Amino acid sequence: MPPNHPRPLSRRALILRAAAVAASALPACRKKPAAAPAPPPWFLTPLAPPPDWSSLDPFQDSLTRDAFTQLLNSTLTATPGSWFTHIQITDAAALIRRASRDASLPPYSLRFAASSASLPKPESRFWRKASELPPLSNPAKPLADLRIAIDPGHIGGPWARMEERWYRMGDASPVQEGNLTLATATALRPLLESMGAHVDLVRSSNDPLTPLRPPDLLETARLSLQQDGTAITDRALRRESERLFYRTAEIRERGRRVNTILKPDLVLCLHFNADSWGGDPANPRFSSANHLHVLAHGCLLPGELTLDDQRLESLKRIIQGIPESELALCNAVARRMAEATSLPAYRYPGNSARPVADNPFVWIRNLLANRVYECPVVFLEPYVMNNADVFARIQAGDYENSREVAGITRPSIFREYASGIAAGLADYFRAARSSV
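Numbering-wise, our numbering puts 33 at position 40 of the sequence shown, and it's gapless, one number per residue.
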């Protein structure tokens, strides 16, 4: 090799030089970081799907201007006029804000009917009004041809503690609301079927319908806590993911089942009420309270109306004419429940619910569990589970006829509950249906 010729680079040196050249070239060829995606324009309840405003298209020309405005003020909102920032009324249509976070998005236009005589045919909805059912041929079968879905509230069983619908007094059997509502549904079903109804149970066991579980919802829980301004701790994440599981995902799955599979003419949502039993459900205290109320949907607070999913779901109910049938059903059932149970009416504090004139037992309130069903819903809340008398009746279980419990001879609490509902439905449909 000539003395002035450079020595050939070793393999290691070649690799190091190539790496240095590549590194020096990186700033020139490196792409700029991608911009963060724009946040969605919607403002939604956790786990709610983006609003599909085209789902209102079949209900164009369904309500007159006056009827629509009256329902906004009397039923949909907690405060008359609170809808002004979201809905603009013109002579021909309601212009509805589609996305609370994007005012530039064109509003959805819902045309008004020219007159009540021009309302669309019932084919635009799956449920039927009483006047649309076949005429009654047998007064003993007032529910003939009626499709009813019974939704036993909560889940119960191994999930009852998580749901905070569980307590236990000493060595007695635990009180679990999901089990109580399922027992009531089991007692109610044959009563309704004996009057001609086709009855489905939304759930028939203590198994959740949703395939989701709390670990699947941790990221959603984190976002929910951030949105509420709540400190994110392990305990807060666990509790929020559990709440999203049993209260949100489960109810939305029940709504999907009702609206797409069962398609009933009405839903009966069964619940038992409860008062504070202290901080330890394994060592609770009894409440002296015991009362009854029945809920129809409505009374959205201003913050709830801002949520795009709640605004759409609620408007979809009123333009189908659900409130008229729903309130009439709630009134009829509440009267018979008051007779069957002899319970006083519950009164809501604050403005989260609105009373209904002429019936102290019926209130209007916005709940996911009565908003998500696209048909009339009778949402029942009788009995305070941790009242001493109610506890004794729950411990007595179900039984036929009457028996002395806590010093009073009476039917089982489940059959009493069921009989009040059945009698109320019979009253309503006998009066509302035409006869042959």
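A virtual CB, placed ideally from N, CA and C, is assigned to each residue, including glycine. As the structure is a prediction and not an experimental result, all values here were calculated from the model.
At a Cβ-Cβ threshold of 8 Å, residue 285 and residue 338 count as neighbours.
In this model, residue 368 and residue 252 are separated by some 8 Å (Cα to Cα).
CA-to-CA, the gap between residue 383 and residue 88 works out to about 49 Å.
The residue from 137, 132, 117, 116 with its alpha-carbon nearest to that of residue 126 is 137.
Across the set 168, 34, 334, the C-alpha of 168 shows the shortest separation from the C-alpha of residue 148. In the three-state reduction of the DSSP assignment, residue 323 falls in the helix class, which pools H, G and I.
Boundaries for residue 428: no beta strand (DSSP E) harbours it, and the DSSP string shows neither H nor E there.
For residue 234, the closest C-alpha among the options 245, 218, 244 is that of 218. Three or more Cβ pairs closer than 8 Å define a contact, and the stretch 252 to 266 meets that threshold against the stretch 349 to 366. Secondary structure of residue 131 (DSSP, three-state): coil. When secondary structure is reduced to three states using DSSP, residue 388 falls in the helix class. Under DSSP, the beta-bridge partners assigned to residue 358 are 290, 346.
Taking one beta carbon from each stretch, the stretch 139 to 148 and the stretch 189 to 206 have 3 or more pairs nearer than 8 Å; the two touch. In this structure, residue 402 sits near residue 396, with a CB-CB distance shorter than 8 Å.
Looking only at 80, 85, 37, 50, the smallest Cα-Cα distance to residue 58 is reached by 85.
Distance from the CA atom of residue 336 to the CA atom of residue 376, rounded to whole angstroms, is 8 Å.
Inside the stretch 39 to 76, DSSP marks whole alpha helix (DSSP H) runs of 4 or more residues at positions 58 to 64, from first to last along the chain.
Residue 144 is bridged by DSSP to 262. Under a 10 Å Cβ-count criterion, residue 387 is classified as buried, with 16 or more other Cβ atoms of the shown protein chains found around its own Cβ. The three-state reading of DSSP puts residue 102 in strand, counting E and B together. Here residue 347 has 71, 291, 292, 356, 357, 358 as same chain residues with Cβ atoms under 8 Å from its own Cβ, once five neighbours each way along the sequence are excluded.
Only residues of its own chain outside the window of five on either side were considered, and among them 118 have a CB closer than 6 Å to the CB of residue 313, listed in chain order. With a beta-carbon spacing of about 7 Å, residue 405 and residue 390 fall inside the 8 Å limit used to define contacts. Going by DSSP, residue 375 is part of no alpha helix (DSSP H) but of the beta strand (DSSP E) stretching over 370 to 375. Residue 305 and residue 42 have their C-alpha atoms some 11 Å from each other.
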